[in-house]
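Notes to accompany the following structure.
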């Protein structure tokens, strides 16, 4: 099939390609911050408990929840990871047990606490450990 573009138009970039390209941003979407913060506070029981797990000021989760602020890029990543891990754990354990697992030493993680691995390395290793614990296998 022949192209309808002339040789003169081939030398110019397509404006529509750059117009639809997503822009990189460091801003955590407000609605996502509010939803994730709401879920986590529900599981953990308080703004302070969430702040302690994320190593942020005790007032931060309240501001995220109300929409007055969004998390920093680092806090946003940690919020997403914690949300994912606790959502998975809460499917099979009551919230108190999921929290104990998160803060306890874990043989799948070489004796490290899942919350510490989550902060330093992200969710992947913690999810593997969670899957192992849920399967009933212990290293």
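Residue numbers (this note's numbering): 485 to 623. For glycine and all other residues, C-beta sits at the position ideal for the given N, C-alpha and C.
**OP:** Have a look at residue 542 and residue 618 and give me their C-alpha separation to the nearest angstrom.
**Re:** Straight-line Cα distance between these residues: approximately 32 Å.
**OP:** Measure the Cβ-Cβ separation of residue 525 and residue 549 and say whether it is below 8 Å.
**Re:** Yes, the pair counts as a contact, with Cβ atoms nearer than the cut-off.
Subject >> Sub-8 Å separation of residue 563 and residue 557 beta-carbons >> reply: Against a cut-off of 8 Å, the Cβ pair of residue 557 and residue 563 comes out as no contact.
**OP:** Compute the Euclidean distance between the alpha carbons of residue 604 and residue 613, then round it to the nearest angstrom.
**Re:** Going from the Cα of residue 604 to the Cα of residue 613 covers about 15 Å.
Original post:
According to DSSP, is residue 603 helix, strand or coil?
Top reply: Residue state, collapsed to three classes: helix.
Subject >> Cβ neighbours of residue 551 in the same chain (closer than 6 Å, five flanking residues each side left out) >> reply: Answer for residue 551: 514 and 518, listed in chain order.
Subject >> Alpha-carbon spacing of residue 510 relative to residue 610, whole angstroms >> reply: Unreliable positioning characterises residue 510 in this predicted model, as indicated by a pLDDT of 48, which lies under 50. A coordinate reading is not provided.
Original post:
In chain order, what residues of the same chain have a beta carbon less than 6 Å from the beta carbon of residue 565, not counting five sequence neighbours either side?
Top reply: If we look at residue 565 and ignore the five residues flanking it on each side, its Cβ neighbours are 602, 606 and 607.
Original post:
Which full runs of the alpha helix (DSSP H) of 4+ residues lie inside the segment 563-619, going along the chain?
Top reply: Here the runs fully enclosed are 579-587, 598-605 and 607-619.
**OP:** Please confirm whether residue 583 and residue 528 have their CB atoms less than 8 Å apart.
**Re:** In contact: residue 583 and residue 528 (Cβ atoms closer than 8 Å).
Original post:
Within 10 angstroms of its Cβ, does residue 580 collect 16 or more other Cβ (buried), or is it exposed?
Top reply: With fewer than 16 other Cβ atoms inside 10 Å of its own Cβ, residue 580 counts as exposed.
Original post:
Would the beta-carbon of residue 587 fall within 8 Å of that of residue 597?
Top reply: In contact: residue 587 and residue 597 (Cβ atoms closer than 8 Å).
**OP:** With a 10 Å radius around its C-beta and 16 neighbouring C-beta atoms as the bar for buried, classify residue 540 as buried or exposed.
**Re:** Its Cβ being crowded by 16 or more others within 10 Å, residue 540 is buried.
**OP:** Kindly provide the ranges of any beta strand (DSSP E) runs that are 3 or more residues long and lie completely inside the segment 521-549, ordered along the chain.
**Re:** Those beta strand (DSSP E) runs which fall completely within the segment 521-549 and span 3+ residues do not exist here.
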